[in-house]
Structures are given as structure tokens and as C-alpha cells.
Ligand code: 5RP
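Residue numbers (my numbering): 20 to 251.
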């Protein structure tokens, strides 16, 4: 395992220690969340009784293969704990998420959880959000017009930058699990994440954006000198 993957696994291992039998869990998406699901599956094999609600088809497939009991969010609408990765973790544990394209289900699942714990290597911890392009999930209608509205909304929140329609590794337009598209907004700096979130929420055609504000209550960050826990 590469040193970067080892750090992700260390953060995931700390999060698994928070899981108790009987818990209903939100299962995040991405390479760090994958470590959590793998470690959780080991505990399940040892007798831990949990039920997981996956935030993507990718995570559903992994958890199913590893034997983690699953439910839909409609079957388990109230969750105890969601563990997920992030693309950036800023002040107040405000997050940028959606690098893996699962931001909509991730936000719905996190909102349904009593607690959201974000796990990452310490490189994700930043002083100001925005270096990672902000993923914005939009409907598959009038994308050019929606893009212009997002640019206007961004400017109203002091954010300027190029919006790129996401494509998959095969070059085709990336389509989310919910059948939407993603515009990645390279703002560089997001001076006021709360204001930008409010402006984006007003744009017709924006389904959801990757700013997670007030959702994560804890961040577990793994670095060369060990694991750090930040609580909000
Ligand atoms: C998926 C996400 C991921 O949590 C985020 O992209 C971090 O992924 P990774 O752990 O692979 O760096 O938001 O939509």
C-alpha cells in the first residue's frame, strides 16, 4: 500500500472505532471511504451488527461484495453516523465534496445522520476552500444557460473562475447516479462559503453543490506525525 493510502487507512481505522453494534451508518464514497468500508466489513465478520446506507452505486457494490448489511435511506431514514471522505476540509469543518461525483446522495445521507465524521489525509485540511474545483450537480437541460447563472451567482459571492463540464475517463460526459451532470467550478478561492452556498441554491437547474457547511462534526486527519481529531 502506498504511503498516501496508508494515511487514508489510518484515518478510516479511527472512524471504525466509533462504530457500535446496532448503529445505522451512512457509507461515504471515494478512496478514503473505501478503506472505511473494508475495515467495517472486517468488524462485521467478527460479529459487529450494523446496517449501512451507501452514498453511491460504487460503495453499494463494494459493501455488498464484502458482506456489509445494507438498507436504502427510505428503509432507514434516520442514521446514527456517516463516515465519508472530502476533497477539502476548511475552517469550521466546512467541506468541499463531490470529487467522486456522489455529492448529492452524500449530502442527503449526511443530513439524515446524527453525526458526520470526515476522514482524510492531512493534505485535505486547508485554510481557505476553493483550490479544489467545486463540483456543482446540475440537470441535463440548458447546461450552457445554467453555467452562466452559476458564474453570475459565483461573482455575487466573490468567486471567479472557469466552469468545466465533467467528463469520465472514457471522455464521455460524466453522469451521476441520479442522472445529472457536474460542472466543476475552479474558483481558486471561496472567500465566504456560506454566501456562495446560498447564491448557488438560488440557481434554477442546480440540483446540489459540493459545499457541506455545518454537516461534519468531526474530522479525523492522518499525517506523517500521527492522527489528529478536530471537533466542531
Ligand atoms: C465523492 C467525494 C469523496 O469523498 C471525495 O472526492 C474524496 O475522495 P477521496 O477519498 O478519494 O480523496 O466527495 O463524491
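C-beta atoms are modelled at their ideal positions from N, C-alpha and C, and glycine is treated no differently.
Where the beta strand (DSSP E) through residue 134 begins and ends
132-140
Residue 117: which of 133, 170, 202 and 181 sits nearest, CA to CA?
202
Report yes or no: do the region 43-57 and the region 112-128 share at least 3 C-beta pairs separated by less than 8 Å?
yes
3-residue-minimum beta strand (DSSP E) runs that sit fully inside the region 147-210, ordered along the chain
153-157, 181-184 and 200-205
Enumerate, from N- to C-terminal direction, the unbroken alpha helix (DSSP H) stretches of 4 or more residues contained entirely within the region 33-58.
none
Could you name the residues whose beta carbon sits closer than 6 Å to any heavy atom belonging to the ligand 5RP, keeping them in chain order?
47, 48, 49, 50, 51, 52, 103, 104, 105, 106, 116, 117, 118, 119, 120, 121, 122 and 125
Measuring straight from C-alpha to C-alpha, what distance separates residue 134 and residue 74?
15 Å
Three-state secondary structure (DSSP) at residue 73?
strand
Is residue 118 a contact residue of the ligand MG, with contact defined as CB to any heavy atom under 7 Å?
In terms of ligand content, the structure shown lacks the ligand MG and carries the ligand 5RP instead.
What's the C-alpha gap between residue 191 and residue 199?
13 Å
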